[in-house]
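The structure appears below as structure tokens.
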């Protein structure tokens, strides 16, 4: 498929303006702090080679100045010349592109404190075990207030094109991407969209957004089936990486938890739809499964995000905690190490979602060998079964107006209350049988979603794509 990004780009961030180049604010920050060595030299046409030589001379001039200056004077001079170097490289990448570089570029919210950011970081970590031939483009538009800082900045490259580009974004964010980055970064690159979606059907309106995309990577068959009616290209299941190696882990005493109690955990982000996450159903099922006379069982609901987006849900959770001292609400953004330590410290993870694209919380709990209760619908059904956990029965219901974006005419699951109550009780009372299910779940997650398995899957697919491109070029020359 021929990539045609021009029709989607309302503006190119690098433009000549009175002899200067204007950088978009989001592009300026990563360029300013990335190492100069991300400029990878490759042979190109004469114009590009000549311009590149000019830029290299500019870079050498900056380095030589440093040999004769020190202190504040050198810092000011270096800042001015470094800025000119960055602007020159941006102009070159837009107007005099060199041939695509061997390897793959990962573009997405790699610096974001959100689910898509975490899954992209783990994907890169998995692939890095098999190849160092990759670069990263940190896309920041729209997440400026949810940043955790650079990730592998030595691999940042904002200028060069690559044989394969993996866009790690939600599909409805593609217009922001098309209008924000230089179209030359994607020209002549095989473009893969790695994406998630939480409902049974992808919106028909997204079909036009996917025209420049050559291939889609989905986390499971549920998401794949959602996209097939609107996308004619290849769709491959590439499992997300489930990695909890964020230790050293905190123990219960460090987290302020009782050593004897049985803890049930649920977590969600207020920036997601609370109608989809369904936290109040968790409270109702817990309180019926374990009356207050049972003081040995506790419920922790861990939340992040702006609760004012769903104030009524937030207030209802607070009222539930006030009415039942066994229910604890933790509303704060904590480091990843503390979050995985909390999952590890609990005995059971519950998710009575109405729909999920994957279900990272459930998968991470299984990897720790914890008992998991979850709605038997959508992306989590690939790993949560009767053999690995406690699936909850459901009824399909229409998505109510306003409950989720792009949901007109869609359905999702309404978990059955009695099934959820029974599943929670079984997870608590089954003892060795529950532990056996959890152990089977841990083995499944390791073999399918572990760092080694996912890295191998990504590396194999990328190598196949590169081989196909080489064969195509060879046939054209022949």
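In the working numbering, the protein residues as written are 3 to 480.
Beta carbons are placed, not taken as given, at the ideal position from N, Cα and C, and that holds for glycine.
From a predicted model like this one, the values you see are computed outputs, not experimental measurements.
Under the three-state reduction of DSSP, residue 129 is assigned to helix.
Separation of residue 294 and residue 304 (C-alpha to C-alpha, rounded to the nearest whole angstrom) is 21 Å. Within the segment 106 to 153, the runs of beta strand (DSSP E) at least 3 residues long that lie entirely inside it are, in chain order, 136 to 140. Taking a 10 Å sphere around the C-beta of residue 206, we find fewer than 16 other C-beta atoms and assign the residue as exposed. Going by beta carbons, residue 476 and residue 391 fall outside the 7 Å limit. Between the alpha carbons of residue 199 and residue 387 lies a distance of about 21 Å.
With a cut-off of 8 Å on Cβ pairs, the segment 236 to 249 is in contact with the segment 117 to 125, counting three or more such pairs. Considered as a whole, the segment 383 to 425 harbours 392 to 394, 396 to 400, 413 to 417 as its complete beta strand (DSSP E) runs of no fewer than 3 residues, in chain order.
Residue nearest to residue 447 within the set 420, 422, 366 is 366 (criterion: CA-CA distance).
In this structure, DSSP gives residue 304 an extended state, which the three-state scheme calls strand. Under the rule that a run must span 3 or more residues, the beta strand (DSSP E) segments found entirely inside the segment 225 to 261 read 236 to 239. The beta-carbon distance between residue 225 and residue 381, rounded to whole angstroms, is 6 Å. This is short enough to meet the 8 Å contact definition.
Exclusion of the five residues before and after residue 275 leaves 405, 406 as the residues of its chain whose Cβ lies within less than 7 Å of its Cβ. At least 7 Å separates the beta-carbon of residue 417 from that of residue 430.
About 14 Å separates the Cβ atoms of residue 354 and residue 383, ruling out a contact at the 8 Å cut-off. The beta carbon of residue 129 is closer than 7 Å to those of 136, 457, 460, 461 in its chain, skipping five residues each way along the sequence. A direct Cα-to-Cα measurement between residue 229 and residue 328 gives close to 42 Å.
Residue 352 is a Cβ neighbour of residue 268, given a cutoff of 7 Å. Here the alpha carbons of residue 162 and residue 402 stand approximately 45 Å from one another. Going by DSSP, residue 288 is part of the alpha helix (DSSP H) stretching over 281 to 291. Between the segment 105 to 113 and the segment 144 to 158, the count of Cβ pairs shorter than 8 Å is three or higher; the stretches touch. For residue 272 against residue 317, the beta-carbon gap comes to about 12 Å, at or over 8 Å, which does not count as contact. Per DSSP, residue 208 lies in no beta strand (DSSP E) segment; the continuous alpha helix (DSSP H) that holds it begins and ends at 208 to 211. In this structure, the straight-line span from the alpha carbon of residue 360 to that of residue 219 is close to 13 Å.
Around the CB of residue 165, 16 or more other CB atoms lie within 10 Å, so the residue is classed as buried.
In the DSSP annotation of this structure, the continuous segment of the alpha helix (DSSP H) that includes residue 449 starts and ends at 434 to 451.
Put simply, the backbone Cα of residue 140 is about 42 Å away from that of residue 436. Counting the other CB atoms within 10 Å of its CB gives residue 214 a total of 16 or more, which places it among the buried residues. Of the residues 464, 424, 451, the one whose Cα lies closest to the Cα of residue 369 is 451. The alpha-carbon separation between residue 409 and residue 255 amounts to approximately 44 Å. For residue 317, the uninterrupted alpha helix (DSSP H) segment begins and ends at 313 to 325. According to the DSSP assignment, residue 218 belongs to the beta strand (DSSP E) that extends over 217 to 220. With contacts defined by Cβ atoms closer than 7 Å, residue 216 and residue 192 form a contacting pair.
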